[in-house]
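**Q**
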Amino acid sequence: MSQSVETEVSVVKLGSNIGARIDGVRLGGDLSEASVAAIRAALLANKVIFFRGQDHLDDDGQLAFGSLLGEVTLAHPTVRGVVNPNVLPIDSEYGKANSWHTDVTFVDRIPSVSILRAVHLPPYGGNTVWANTVAAYESLPLSLKALVDGLWAVHTNAYDYAANIDELRIGGVDVKTEQYRSEFQSDLYETEHPVVRLHPETGERSLLLGHFVKRLIGVTSVESQALFQLLQARVTRLENTVRWHWQDGDVAIWDNRATQHYAIADYDDAPRRLHRITLAGDVPVSIDGTSSVVRTGDASHFSAV
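Count along the sequence shown from 1, add 29, and you get the number used in this note's numbering.
If you want it as structure tokens, here you go:
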């Protein structure tokens, strides 16, 4: 049954800079146009939005809902061994996404939106934190804005989050993790992106960084690292973040053009599984109108632009 935006959709703000909980909506492919418009408006305004009590959703329902917001991409440009070609299992068995990142920035056509559904949660821990990269840029002093407005960075999938976990387990190397990393890097991608991109819907300026950054262009390696750390610290200031305590039936949706996120690995060896779909995005554009440039790899099979 379609939902009535006037009587049922409720937006509960979670912080001044980022995050809102949406109440009164049963997600699925049958939402009214008004409800979809209200969800999109809440997403653009709050950068990440959360829904409780969506236990009825399965992969098909998640995809049907996502299709109302945009064009669903393949699960991942390189990870192909998945049951559903459009659904990426985020599974602690294969590694933990415990570093700050924006999804799939190593290709030119960065996804616009990510939709994550809880499938199996650990008994404790396993929260996720999001950061507002628009607020991070807006809070920069004018001198730093003048510096970063013209900066560009090389992003690559050779820098994946699985590399951050301890691969050595009892008995030697974790074979499943090694296989996942090999698949993740099976096709090499490198793309030059502006450090400051224009949001295609809101016109806002945001910092495009995260752990897929290999280096900043036009500066030395030491300078690149120092600038990267300085800007990342601005992104992840607590005032720019919201922390979500997952419950069964939860769904999170974030604007991948205006956020970074970090999955906290504080649940020991307990299993944790969530299913992610992404929606097709555009090629980032700098504030002077220059589009991102592909150095290596063709992601046309991943999504349209």
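Glycine residues also receive a C-beta, built at the ideal position from the N, C-alpha and C atoms.
Is it the case that the Cβ atoms of Pro140 and Thr102 are separated by a distance below 8 Å?
**A** Here residue 140 is taken as the residue at index 111 of the sequence shown, counted from 1. Here residue 102 is taken as the residue at index 73 of the sequence shown, counted from 1. Cβ atoms of Pro140 and Thr102: closer than 8 Å.
**Q** Report back the beta-carbon spacing between Gly48 and Ser39 to the nearest angstrom; my notes put them in contact at under 8 Å.
**A** The residue given as residue 48 occupies position 19 in the sequence shown. The residue given as residue 39 occupies position 10 in the sequence shown. That pair is no contact at about 15 Å.
**Q** So, is Leu171 buried or exposed, given that buried needs 16 or more other C-beta atoms within 10 angstroms?
**A** Translated into positions along the sequence shown, residue 171 becomes position 142. Leu171 should be labelled exposed.
**Q** Grouping DSSP H, G and I as helix and E and B as strand, with all else coil, what is Ala294?
**A** As a working mapping, residue 294 is identified with position 265 in the sequence shown. The answer is coil: DSSP assigns Ala294 none of H, G, I, E or B.
**Q** Kindly indicate the opening and closing residues of the beta strand (DSSP E) around Glu219.
**A** Counting from one through the sequence shown, the residue named residue 219 turns up at place 190. 219-223 is the extent of the beta strand (DSSP E) around Glu219.
**Q** Distance, Cα to Cα, Arg198 vs Pro300?
**A** Working through the sequence shown from its first residue, we reach residue 198 at position 169. Working through the sequence shown from its first residue, we reach residue 300 at position 271. Confidence in Arg198 is poor, its pLDDT being 30 and thus under 50, which makes the residue's placement too unreliable to answer from.
**Q** Three-state secondary structure (DSSP) at Thr162?
**A** Walking along the sequence shown from the start, residue 162 turns up at place 133. Thr162 falls in the helix class under three-state DSSP.
**Q** Which residue wins for smallest C-alpha separation from Val242, given the options Ala333, Ala175, Val136?
**A** Against the sequence shown, residue 242 aligns to sequence position 213. Looking at the Cα atoms, Val136 is the closest of the given residues.
**Q** Give the range of the beta strand (DSSP E) segment to which Phe241 is assigned.
**A** Counting from one through the sequence shown, the residue named residue 241 turns up at place 212. Segment: none, Phe241 is in no beta strand (DSSP E) and carries neither H nor E.
**Q** Any idea if His228 is buried or exposed, counting beta-carbon neighbours within 10 angstroms, 16 or more meaning buried?
**A** Against the sequence shown, residue 228 aligns to sequence position 199. So His228 ends up on the buried side.
**Q** What does the alpha-carbon distance come out to for the pair Leu217 and Arg324?
**A** Position 188 of the sequence shown, counted from the start, is the residue given in the question as residue 217. Position 295 of the sequence shown, counted from the start, is the residue given in the question as residue 324. Taking the straight line from one Cα to the other gives about 10 Å.
**Q** Tell me, please, whether the region 90-99 touches the region 164-179 by the rule of three or more beta-carbon pairs shorter than 8 Å.
**A** No contact exists between the region 90-99 and the region 164-179.
**Q** Can you check which of these residues, Ala333, Val314, Gly278, Glu100, is closest to Asp84 by C-alpha distance?
**A** Position 55 of the sequence shown, counted from the first residue, corresponds to residue 84. Minimum Cα distance to Asp84 is reached at Gly278.
**Q** Could you check the C-alpha separation between Ser332 and Thr231 for me, to the nearest Å?
**A** Reading the sequence shown from its first residue, position 303 is the one you call residue 332. Reading the sequence shown from its first residue, position 202 is the one you call residue 231. Going by the C-alpha atoms only, they are around 22 Å apart.
**Q** Check Asp279 in the structure and name its three-state DSSP category.
**A** Residue 279 sits at position 250 when you count from the first residue of the sequence shown. In this structure, Asp279 counts as coil in the three-state DSSP scheme.
**Q** Helix, strand or coil for Asp335, going by three-state DSSP, please let me know.
**A** There is no way to answer for residue 335, as the model of the chain reaches only from 30 to 334.
**Q** Looking at the secondary structure, which residues open and close the beta strand (DSSP E) in which Ile68 lies?
**A** Start at 1 with the first residue of the sequence shown, and residue 68 comes out as number 39. Unbroken run through Ile68 is the alpha helix (DSSP H), 62-75; no beta strand (DSSP E).
**Q** Within this structure, are the beta carbons of Ala281 and Arg138 separated by less than 8 Å?
**A** If you number the sequence shown from 1, residue 281 lands on position 252. If you number the sequence shown from 1, residue 138 lands on position 109. No.
**Q** Count the other CB atoms within 10 Å of the CB of Val271; is the residue buried (16 or more) or exposed (fewer)?
**A** Residue 271 sits at position 242 when you count from the first residue of the sequence shown. Label assigned to Val271: buried.
**Q** Quick check on Asp88: does DSSP put it in helix, strand or coil?
**A** For the purposes of this step, residue 88 is identified with residue 59 of the sequence shown, where counting begins at 1. Asp88 falls in the helix class under three-state DSSP.
**Q** Does the Cβ-Cβ distance between Thr157 and Ile316 come in under 8 Å?
**A** The sequence position of residue 157 within the sequence shown is 128, counting from 1. The sequence position of residue 316 within the sequence shown is 287, counting from 1. For Thr157 and Ile316, no; Cβs fall outside 8 Å.
**Q** Can you tell which of Ala182, Leu117, Thr134, Ala164 has its C-alpha closest to the C-alpha of Leu245?
**A** By 1-based counting over the sequence shown, the position of residue 245 is 216. For the residues Ala182, Leu117, Thr134, Ala164, the minimum Cα distance to Leu245 belongs to Ala182.
**Q** At the level of alpha carbons, what is the spacing between His105 and Val251?
**A** For the purposes of this step, residue 105 is identified with residue 76 of the sequence shown, where counting begins at 1. For the purposes of this step, residue 251 is identified with residue 222 of the sequence shown, where counting begins at 1. If you take the alpha carbons of His105 and Val251, they lie about 32 Å apart.
**Q** Indicate the three-state DSSP secondary structure (helix, strand or coil) for Phe331 in the structure shown.
**A** By one-based count along the sequence shown, residue 331 stands at place 302. Of the three classes helix, strand and coil, the one that applies to Phe331 here is coil, per DSSP.
**Q** Would you list the residues sitting across from Gln289 in a DSSP beta bridge?
**A** As a working note, residue 289 is residue 260 in the sequence shown. Paired residue(s): Ala160.
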